[in-house]
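Take a look at the structure set out below.
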DNA sequence: GTTTATATTCAAAACTATTCACAGTCAATC
DNA sequence: GATTGACTGTGAATAGTTTTGAATATAAAC
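Chains as they are written, first to last, in the numbering used here: chain A, 171 to 419; chain B, 171 to 419.
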């Protein structure tokens, strides 16, 4: 079985059940323990799921232990740096769309006191946006259990009634073929948000380049990529003709 | 059983009952005493609950006044009792609307495992609904900063596209003139939800009777009132002609 | 003081990471 | 066209780690 198919299968099972044991995955996917484990490690790196002792779960750990491993911290710093620079692009008084996801979440502190109106599809974002005193609207729709993102027909419909000056989006895969993300329903929402925005930005750390996910979102030229400068040269180079902003970490 | 699942199970029991003994947890969760204890220690560290001699209880709110604490607890019990009976009204497999607010929030644990589809305008509700594995939709709209309720034109518009078997609403004032609530924008939302629901229930503790708030919602006969039996007789009596369900605390 | 609950310790079991060998794939070379 | 060697993905074996339940010691309630 092809590795990408297998990973899709794993995700399918995990999404259905929220939590699965390794044994369940071995049975349902039909691969060896080693392979399942390796897939889980990769899927965790891609932030599609969280490994737990004995299996895997969708839910992100809510507790950020102070003893986070170095790699996670560095990744967070990278995200913060990207987020900070993305926020700089926003003019005072504008209406912006903030996609669900960890990188866009990091933008929130930098959006305060700018007289903005923020529309989001991320339940997690709301609390923090309110804390920073930002006027917040949320689109309607079905709540995706693992991420708290709003998806589905209703979400897309809600979006049709807004127009944005800027949209900021997370993305899982960036190649010359365009932007991709694992969940087709989320892809629809991202697509619509981009369509209704004067300018769109894709926030991506170095792990997202050359990756390809299941669901196609838009062609590369529909957004400006904001990434960190420590992104692998060879991966960014082919994209150079596009507006890509690199940010030092 | 996966440790993450087990901890979830423990939390569910605790949230439902407020206080549990170790023995109860051993029986319900099906793990050894040692394991339950270890989980409780971790959950306490995560501030999800408080361990007490012999078992565990929900995290106590940090109130300065112990008398205030007592009052809140008693009020919570009243609300829980009302919520529990309200939840009984729901048939398996139905679509329900859950209004933002503390009393409707208490219904959530009793709504689990009933194959329901819940639509809500309360941001706070979402997290808990997801934890109990309930399929959740949220209406769109502007986030009201104090309460996290969704209000405004967009919220009302979103609601027009749903039809409910049951709607459960909180209300601040109940008199013969009808239901009232302080915020006109919230009143609009409540109104629309009731209009789109086959049956509406208003959940009200004893403090809400004979009170009148700023914004009119609907006439009394548009909903069935669920209240506790310790509600002042003289206040409920005039409403007797209506369908009012009293619940013992 | 007795009873009951909690903390500590320890070995077995369950789970994870690491290593290795094997089979394919691909490109370069003969 | 076959051969070679580097590379990759897979599964099995093994070494290392965490989790678990029972036994025991300590502390708290009555």
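All residues carry an ideal CB built from backbone N, CA and C; glycine is no exception.
Between residue 216 of chain A and residue 249 of chain A, the C-beta spacing is not below 9 Å. Relative to the Cα of residue 385 of chain B, the nearest Cα in the group B:328, B:348 and B:335 belongs to B:348.
The continuous stretches of alpha helix (DSSP H) do not include residue 316 of chain A, and DSSP gives it neither H nor E. For residue 306 of chain B, at least one C-beta of chain A is nearer than 9 Å to its own C-beta. Look at residue 280 of chain B here: in three-state DSSP terms it is helix. Residues of chain A whose Cβ lies closer than 8 Å to the Cβ of residue 300 of chain B are, in chain order, 313, 315 and 318. Fewer than three beta-carbon pairs drawn from the stretch 308 to 319 of chain B and the stretch 192 to 212 of chain B are found closer than 8 Å, and the two stretches are therefore not classed as touching.
At a C-beta separation below 9 Å, residue 227 of chain A has these neighbours in chain B: 172, 174 and 175. Using a Cβ-Cβ cut-off of 9 Å, residue 361 of chain B does not count as an interface residue toward chain A, since no Cβ of chain A sits closer than that to its own.
With fewer than 16 other Cβ atoms from the protein chains shown falling within 10 Å of its own Cβ, residue 172 of chain A counts as exposed. Secondary structure at residue 335 of chain A: strand, using DSSP grouped into helix, strand and coil. For residue 328 of chain A, the closest Cβ of chain B is nearer than 9 Å.
Counting the other Cβ atoms within 10 Å of the Cβ of residue 323 of chain A gives fewer than 16, which makes it exposed. Contact between the stretch 265 to 280 of chain B and the stretch 336 to 343 of chain B is established, with three or more Cβ pairs separated by less than 8 Å.
Listed by position along chain A, the residues whose Cβ is nearer than 8 Å to that of residue 293 of chain B are 293, 296, 297 and 308. Here residue 258 of chain B is exposed: its Cβ has fewer than 16 other Cβ atoms, across all protein chains shown, within 10 Å. Across the set A:333, A:387 and A:377, the C-alpha of A:387 shows the shortest separation from the C-alpha of residue 355 of chain A. Residue 368 of chain A is positioned such that its CB atom lies no closer than 9 Å to that of residue 291 of chain A.
Interface with chain A (9 Å Cβ-Cβ cutoff): residue 334 of chain B is excluded. Annotated three-state conformation of residue 218 of chain B is coil, per DSSP.
Residue range 173 to 187 is occupied by the alpha helix (DSSP H) that includes residue 184 of chain A, with no beta strand (DSSP E) assigned at that position. Beyond the five residues adjoining it in sequence on each side, residue 183 of chain B comes within less than 8 Å, by CB distance, of 190, 194, 195, 198 and 199 in the same chain, given in chain order. By the rule that beta-carbons nearer than 9 Å mark a contact, residue 324 of chain A touches chain B.
For residue 367 of chain B, the uninterrupted beta strand (DSSP E) segment begins and ends at 367 to 373. Taking the Cα positions, residue 383 of chain A is about 25 Å away from residue 310 of chain A.
Remark: C-beta atoms of residue 371 of chain B and residue 396 of chain B approach each other more closely than 9 Å.
Cβ atoms of residue 307 of chain B and residue 282 of chain B stay farther apart than 8 Å, at about 17 Å. For the alpha helix (DSSP H) assignment, the uninterrupted runs of no fewer than 4 residues enclosed by the stretch 245 to 295 of chain A are, from N- to C-terminal side, 272 to 275 and 278 to 281. Under the Cβ criterion of 9 Å, residue 379 of chain B is not counted among the residues facing chain A. In the DSSP assignment, residue 379 of chain B is bridged to B:344. It is roughly 57 Å from the alpha-carbon of residue 375 of chain B to the alpha-carbon of residue 204 of chain A. Contact annotation: residue 381 of chain A and residue 345 of chain A have beta-carbon atoms nearer than 9 Å. The bridge partners DSSP lists for residue 190 of chain A are A:226. The C-alpha of residue 227 of chain A lies about 34 Å from the C-alpha of residue 252 of chain B.
As far as DSSP is concerned, residue 304 of chain A takes part in no beta bridge. Looking at the DSSP output, residue 417 of chain B sits in a beta bridge with B:398.
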